[in-house]
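> In our numbering, the protein residues as written are 5 to 310.
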Amino acid sequence: MAAAAPVIMRVMASSISTAKRAGGIIRDVLKKGDLGIVDKGKNDPQTEADRSAQRCIIASLANKFPTVKIIGEEGGSDLNVCDDWLVNDLDEGFLQQSCPAEWKDVKPEDFVIWVDPLDGTAEYTQGHVEHVTVLIGIAVKDAAVGGIIHQPFYQQPDGEMGRTIWGLKGLGTGGFTAVPAPAGQFIITTTRSHSNALHQQALNAFASTEVLKVGGAGFKVLQLLEGKAHAYVFATPGCKKWDTCAPEAVLEAQGGCLTNINGEHYAYNADVEHVNRQGVLASLGQNHAALVEKIPAEVRAAVGAK
Ligand code: AMP
Ligand code: MG
Ligand code: MG
Numbered sequence: 005m006a007a008a009a010p011v012i013m014r015v016m017a018s019s020i021s022t023a024k025r026a027g028g029i030i031r032d033v034l035k036k037g038d039l040g041i042v043d044k045g046k047n048d049p050q051t052e053a054d055r056s057a058q059r060c061i062i063a064s065l066a067n068k069f070p071t072v073k074i075i076g077e078e079g080g081s082d083l084n085v086c087d088d089w090l091v092n093d094l095d096e097g098f099l100q101q102s103c104p105a106e107w108k109d110v111k112p113e114d115f116v117i118w119v120d121p122l123d124g125t126a127e128y129t130q131g132h133v134e135h136v137t138v139l140i141g142i143a144v145k146d147a148a149v150g151g152i153i154h155q156p157f158y159q160q161p162d163g164e165m166g167r168t169i170w171g172l173k174g175l176g177t178g179g180f181t182a183v184p185a186p187a188g189q190f191i192i193t194t195t196r197s198h199s200n201a202l203h204q205q206a207l208n209a210f211a212s213t214e215v216l217k218v219g220g221a222g223f224k225v226l227q228l229l230e231g232k233a234h235a236y237v238f239a240t241p242g243c244k245k246w247d248t249c250a251p252e253a254v255l256e257a258q259g260g261c262l263t264n265i266n267g268e269h270y271a272y273n274a275d276v277e278h279v280n281r282q283g284v285l286a287s288l289g290q291n292h293a294a295l296v297e298k299i300p301a302e303v304r305a306a307v308g309a310k
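#1: Taking three-plus beta-carbon pairs below 8 Å as touching, is the stretch 172-184 in contact with the stretch 266-284?
#2: Buried or exposed for Ala185, please, with buried defined as at least 16 other CB atoms from any protein chain shown within 10 angstroms of its CB.
#3: What does a CB cutoff of less than 6 Å around Leu288 pick up in its chain, not counting 5 residues either side in sequence?
#4: Considering Val149, what are the terminal residues of the beta strand (DSSP E) in which it resides?
#5: Arg167 bridges to which residues according to DSSP?
#6: Comparing C-alpha positions only, which one of Arg196, Gln282, Glu78 and Lys73 sits nearest to Asp43?
#7: Ligand 1 and Asp93: does the residue's C-beta get closer than 7 Å to at least one heavy atom of that ligand?
#8: Tell me whether Lys217 is buried or exposed, calling it buried when 16 or more other Cβ atoms sit within 10 Å of its Cβ.
#9: What first and last residue would you give for the alpha helix (DSSP H) that runs through Ala306?
#10: Please find out if some non-hydrogen atom of ligand 2 comes closer than 7 Å to the beta-carbon of Asp54.
#11: Using 7 Å as the cut-off, classify the Cβ of Cys243 as near or not near the heavy atoms of ligand 1, replying yes or no.
#12: Label Asn200 either buried or exposed according to how many other C-beta atoms from any shown protein chain fall within 10 Å of its C-beta, with 16 as the threshold for buried.
#13: Ligand 3 heavy atoms versus the CB of Thr125: any closer than 7 Å?
#14: Just to confirm before moving on: does the CB-CB distance between Lys245 and Tyr272 stay below 8 Å?
#15: Could you check the C-alpha separation between Ala187 and Ala235 for me, to the nearest Å?
#16: Check this for me: beta carbons of Leu94 and Ser18, under 8 Å apart or not?
#17: Please confirm if the stretch 69-76 is in contact with the stretch 91-108, defined as three or more CB-CB distances below 8 Å between the two stretches.
#18: Quick one: does the C-beta of Ala313 sit closer than 7 Å to a heavy atom of ligand 1?
#19: Who are the Cβ neighbours of Leu295 in its own chain at under 7 Å, not counting the five residues just before and after it?
#20: What is the rounded straight-line gap between the Cα of Val15 and the Cα of Ala26?
#21: Identify, in the order they occur along the chain, each residue of the same chain with its Cβ nearer than 7 Å to the Cβ of Gln101, setting aside the five sequence neighbours on each side.
#22: Output yes or no for whether 8 Å exceeds the beta carbon distance between Asn266 and Gln290.
#23: Taking 7 Å as the cut-off, does the CB of Pro121 come closer than this to any heavy atom belonging to ligand 3?
#24: Secondary structure at Glu230, three-state DSSP: helix, strand or coil?
#25: How is Ser199 classed by DSSP in three states: helix, strand or coil?
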């Protein structure tokens with residue numbers, strides 16, 4: 005069964021298993037207590053968990069799919085990992101699904117896998133561990149098509165730690181229960197650690213009833229999927245392709261929309277610039293174009309959007 009499944013189904017199933025293993029590594033580093041924090045830039049920390057989770061994910065996926073291009077946040081990694089970090093399993097539950105016709109014949113060289121081994125590092129170091137996610141996004145040519153959002157510190161009702169949400173365009177989503185956001189309110193979810201005056205000006209343009217400030221692109225999209233917020237607004241550069249590829253694919257597989265603040269999709273081929281210069285606007289169950297219209301022209305001009 006597994007060998008016969010189209011490449012995209014095997015990449016998704018392998019990414020689900022690998023994201024879970026990376027989540028275990030992220031919990032272990034925190035438990036041991038030595039985070040090994042290095043500053044990559046202003047407000048841009050990296051920990052031992054980011055480095056180790058990336059090595060696990062890239063070594064495992066590169067081993068299984070040697071001709072697929074993989075781009076990870078933490079740059080070139082030593083792929084000589086211990087057996088315990090080399091994930092061979094393909095998630096069996098996912099492989100039971102049937103592959104949408106449009107992806108059946110996609111060749112390995114048409115894929116790019118975007119890996120954020122730990123999204124929400126600032127929050128991880130500050131103890132807001134529920135904001136942390138592992139993101140594996142699968143692009144076909146320019147488009148974000150499949151995604152895994154794994155939450156290592158989510159406690160299941162049976163006490164098990166971690167949950168894994170997936171989405172594949174044309175197939176749907178799994179791993180969570182979709183809840184519509186409350187009617188009669190407009191709740192925005194946004195950054196808690198990368199705000200600036202421009203971004204604040206964009207937030208002010210929405211007649212929001214509440215603004216939730218949380219870490220990570222993955223967690224903010226989870227808030228849209230579970231009805232905690234109506235829109236995710238980030239009107240400044242700073243997010244990268246590995247932050248948005250998986251969240252975009254999962255959200256859009258559920259019927260939502262993730263674009264720049266001008267309402268355009270980012271391209272995810274291997275040659276694109278990593279930074280999402282024109283910010284992020286995401287919504288579920290809303291008129292997305294109407295939200296784009298609310299962003300002040302001055303803010304759009306400042307980030308180089310039309
Ligand atoms: P946030 O919404 O601030 O949690 O950011 C979502 C993702 O984008 C995280 O992975 C951040 O590290 C990244 N990010 C956003 N803004 C910046 C920035 N100014 N510098 C570095 N990373 C950023
Ligand atoms: Mg990130
Ligand atoms: Mg990260």
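Ideal Cβ positions, reconstructed from N, Cα and C, are used throughout, including at glycine. This one's a predicted model, so the numbers in the text were calculated from it and none came from an experiment.
Inspection of the coordinates gives the following:
#1: Fewer than three Cβ pairs drawn from the stretch 172-184 and the stretch 266-284 lie within less than 8 Å of each other, which leaves the two stretches out of contact.
#2: Residue mapping note: residue 185 aligns to position 181 of the sequence shown, counting from 1. Sixteen is the threshold: when 16 or more other Cβ atoms of the shown chains lie within 10 Å of the Cβ of Ala185, as they do, the residue is buried.
#3: Start at 1 with the first residue of the sequence shown, and residue 288 comes out as number 284. Take Leu288, set aside five residues on each side of it, and the residues of its chain with a beta-carbon closer than 6 Å to its own are Leu228 and Gly260, in chain order.
#4: Indexing the sequence shown from 1 puts residue 149 at position 145. Taken as a continuous stretch (DSSP letters only), the beta strand (DSSP E) holding Val149 covers Ala147 to Gln159.
#5: Within the sequence shown, numbered from 1, the residue matching residue 167 stands at position 163. Beta-bridge partners assigned by DSSP to Arg167: Gln155.
#6: Position 39 of the sequence shown, counted from the first residue, corresponds to residue 43. Out of Arg196, Gln282, Glu78 and Lys73, Glu78 has the C-alpha closest to the C-alpha of Asp43.
#7: Here residue 93 refers to the residue found at position 89 of the sequence shown. Flag unset: Cβ of Asp93 not near ligand 1.
#8: Taking the first residue of the sequence shown as 1, we reach residue 217 at position 213. So Lys217 ends up on the exposed side.
#9: Your numbering for residue 306 matches position 302 in the sequence shown. For Ala306, the uninterrupted alpha helix (DSSP H) segment begins and ends at Ala301 to Ala306.
#10: Within the sequence shown, numbered from 1, the residue matching residue 54 stands at position 50. No, the beta carbon of Asp54 sits no closer than 7 Å to any heavy atom of ligand 2.
#11: Residue 243 sits at position 239 when you count from the first residue of the sequence shown. At least one heavy atom of ligand 1 is nearer than 7 Å to the Cβ of Cys243, so yes.
#12: Here residue 200 refers to the residue found at position 196 of the sequence shown. Exposure of Asn200 is indicated by the presence of fewer than 16 other C-beta atoms within 10 angstroms of its C-beta.
#13: Counting from one through the sequence shown, the residue named residue 125 turns up at place 121. Remark: the shortest separation between the CB of Thr125 and any heavy atom of ligand 3 falls under 7 Å.
#14: Within the sequence shown, numbered from 1, the residue matching residue 245 stands at position 241. Within the sequence shown, numbered from 1, the residue matching residue 272 stands at position 268. The answer is yes: Cβ separation under 8 Å.
#15: For the purposes of this step, residue 187 is identified with residue 183 of the sequence shown, where counting begins at 1. For the purposes of this step, residue 235 is identified with residue 231 of the sequence shown, where counting begins at 1. Looking at the two C-alpha atoms, the distance is approximately 13 Å.
#16: Reading the sequence shown from its first residue, position 90 is the one you call residue 94. Reading the sequence shown from its first residue, position 14 is the one you call residue 18. The Cβ-Cβ distance between Leu94 and Ser18 falls below 8 Å.
#17: Note that the stretch 69-76 does not touch the stretch 91-108; fewer than 3 beta-carbon pairs, one per stretch, sit closer than 8 Å.
#18: The structure shown does not extend to residue 313, since the chain spans only 5 to 310, so no value can be given for it.
#19: In the sequence shown, counting from the first residue as 1, residue 295 sits at position 291. If we look at Leu295 and ignore the five residues flanking it on each side, its Cβ neighbours are Ala235, Leu285 and Ser287.
#20: Here residue 15 is taken as the residue at index 11 of the sequence shown, counted from 1. Here residue 26 is taken as the residue at index 22 of the sequence shown, counted from 1. Ala26 has its alpha-carbon roughly 16 Å from the corresponding atom of Val15.
#21: For the purposes of this step, residue 101 is taken as the residue at position 97 of the sequence shown. When the five nearest sequence neighbours on each side are left out, the beta carbons in the same chain lying within less than 7 Å of the beta carbon of Gln101 are those of Leu175, in order along the chain.
#22: The residue you call residue 266 lines up with position 262 of the sequence shown. The residue you call residue 290 lines up with position 286 of the sequence shown. No.
#23: Position 117 of the sequence shown holds residue 121. Pro121 has its CB nearer than 7 Å to a heavy atom of ligand 3.
#24: As a position in the sequence shown, residue 230 is number 226, starting the count at 1. Coil at Glu230, not helix or strand.
#25: Against the sequence shown, residue 199 aligns to sequence position 195. Of the three classes helix, strand and coil, the one that applies to Ser199 here is coil, per DSSP.
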